[in-house]
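>
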Amino acid sequence: MNKEKTFVMIKPDGVKKGLVGEIISRFEKKGLALLELRLLNLSREEAEELYRVHEGKPFFEPLVEYVTSGPVVVMVLEGEGAVKVVRSIVGATNPQDALPGTIRGDFALTIEENIVHASDSVESYERESSIFFSD
Ligand code: CMP
121 MNKEKTFVMI KPDGVKKGLV GEIISRFEKK GLALLELRLL NLSREEAEEL
171 YRVHEGKPFF EPLVEYVTSG PVVVMVLEGE GAVKVVRSIV GATNPQDALP
221 GTIRGDFALT IEENIVHASD SVESYERESS IFFSD
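Each residue of the sequence shown is one higher than the one before, starting from 121 at the first, in our numbering.
(1) Is the beta carbon of residue 229 less than 8 Å from the beta carbon of residue 192?
(2) Can you tell me whether residue 132 is buried or exposed? The criterion is at least 16 other CB atoms within 10 Å of its CB, across all chains shown.
(3) Measuring alpha carbon to alpha carbon, tell me which of 122, 146, 124 ends up nearest residue 210.
(4) Compute the Euclidean distance between the alpha carbons of residue 199 and residue 215, then round it to the nearest angstrom.
(5) For residue 233, does the three-state DSSP call read helix, strand or coil?
(6) Roughly how many angstroms lie between the CA atoms of residue 206 and residue 160, to the nearest whole one?
(7) Given the structure, does residue 213 come close to the ligand CMP, in the sense that its CB is under 7 Å from one of the ligand's heavy atoms?
(8) What do you reckon, is the C-beta of residue 181 under 7 Å from a heavy atom of the ligand CMP?
(9) Does DSSP put residue 227 in a helix, in a strand, or in coil?
(10) Between the C-alpha atoms of residue 212 and residue 128, what's the straight-line distance to the nearest angstrom?
(11) Are residue 232 and residue 171 touching if we call contact CB-CB under 8 Å?
(12) If you drop the 5 nearest sequence neighbours on each side, which residues of the same chain put their C-beta closer than 7 Å to that of residue 219?
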């Protein structure tokens with residue numbers, strides 16, 4: 121048994137396109153449990169903390185600007201191998217490499233607006249989810 125939790129954020133483009141229900145439905149249909157869910161506007165501080173590992177990279181500032189430009193949905197999902205399973209449902213970071221059938225493969229075209237963020241490890245989940253959820 122390898123039951124674990126992971127963190128997902130539906131970015132402003134996903135919310136604007138009306139994809140919140142579709143995205144959550146894909147995770148639920150796979151068998152993942154939705155443990156936490158919030159709709160909010162990220163502060164600059166929250167966005168910088170979420171993407172701290174990318175600080176200094178050329179895309180950092182535009183990324184922070186973008187994810188603070190409109191409402192996002194953050195959630196915690198739980199299930200067997202949740203980190204890896206969720207990333208496979210989400211698809212490759214660059215939507216041009218993401219396979220059809222994945223969220224980014226079906227709904228996004230550019231890396232700057234790739235619909236969704238998902239933790240890449242249990243450690244990232246712990247750090248990222250703690251920005252938005254108390255436990
Ligand atoms: P995400 O999974 O949220 O993690 C970091 C984000 O930075 C990534 O998705 C992209 O939306 C964004 N990004 C923008 N440009 C790049 C780039 N050149 N390489 C990687 N990520 C990028």
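A virtual CB, placed ideally from N, CA and C, is assigned to each residue, including glycine.
Let me spell this out:
(1) Counting from one through the sequence shown, the residue named residue 229 turns up at place 109. Counting from one through the sequence shown, the residue named residue 192 turns up at place 72. For residue 229 and residue 192, no; Cβs fall outside 8 Å.
(2) Taking the first residue of the sequence shown as 1, we reach residue 132 at position 12. Buried: at least 16 other Cβ atoms inside 10 Å.
(3) Against the sequence shown, residue 210 aligns to sequence position 90. Per the Cα distances, 146.
(4) Taking the first residue of the sequence shown as 1, we reach residue 199 at position 79. Taking the first residue of the sequence shown as 1, we reach residue 215 at position 95. Each residue's Cα considered, the two are about 25 Å apart.
(5) Indexing the sequence shown from 1 puts residue 233 at position 113. Of the three classes helix, strand and coil, the one that applies to residue 233 here is strand, per DSSP.
(6) If you number the sequence shown from 1, residue 206 lands on position 86. If you number the sequence shown from 1, residue 160 lands on position 40. When rounded, the distance between both Cα atoms is 21 Å.
(7) Working through the sequence shown from its first residue, we reach residue 213 at position 93. Residue 213 Cβ: within cutoff of the ligand CMP.
(8) Along the sequence shown, one-based indexing puts residue 181 at 61. Answer for residue 181: no, Cβ out of range of the ligand CMP.
(9) Position 107 of the sequence shown, counted from the first residue, corresponds to residue 227. Three-state result, residue 227: helix.
(10) Here residue 212 refers to the residue found at position 92 when the sequence shown is read from its first residue. Here residue 128 refers to the residue found at position 8 when the sequence shown is read from its first residue. Spanning the two alpha carbons is a distance of roughly 15 Å.
(11) For the purposes of this step, residue 232 is taken as residue 112 along the sequence shown, with counting starting at 1. For the purposes of this step, residue 171 is taken as residue 51 along the sequence shown, with counting starting at 1. Not in contact: residue 232 and residue 171 (Cβ atoms no closer than 8 Å).
(12) Taking the first residue of the sequence shown as position 1, residue 219 is located at position 99. Correct list, in chain order: 211, 225.
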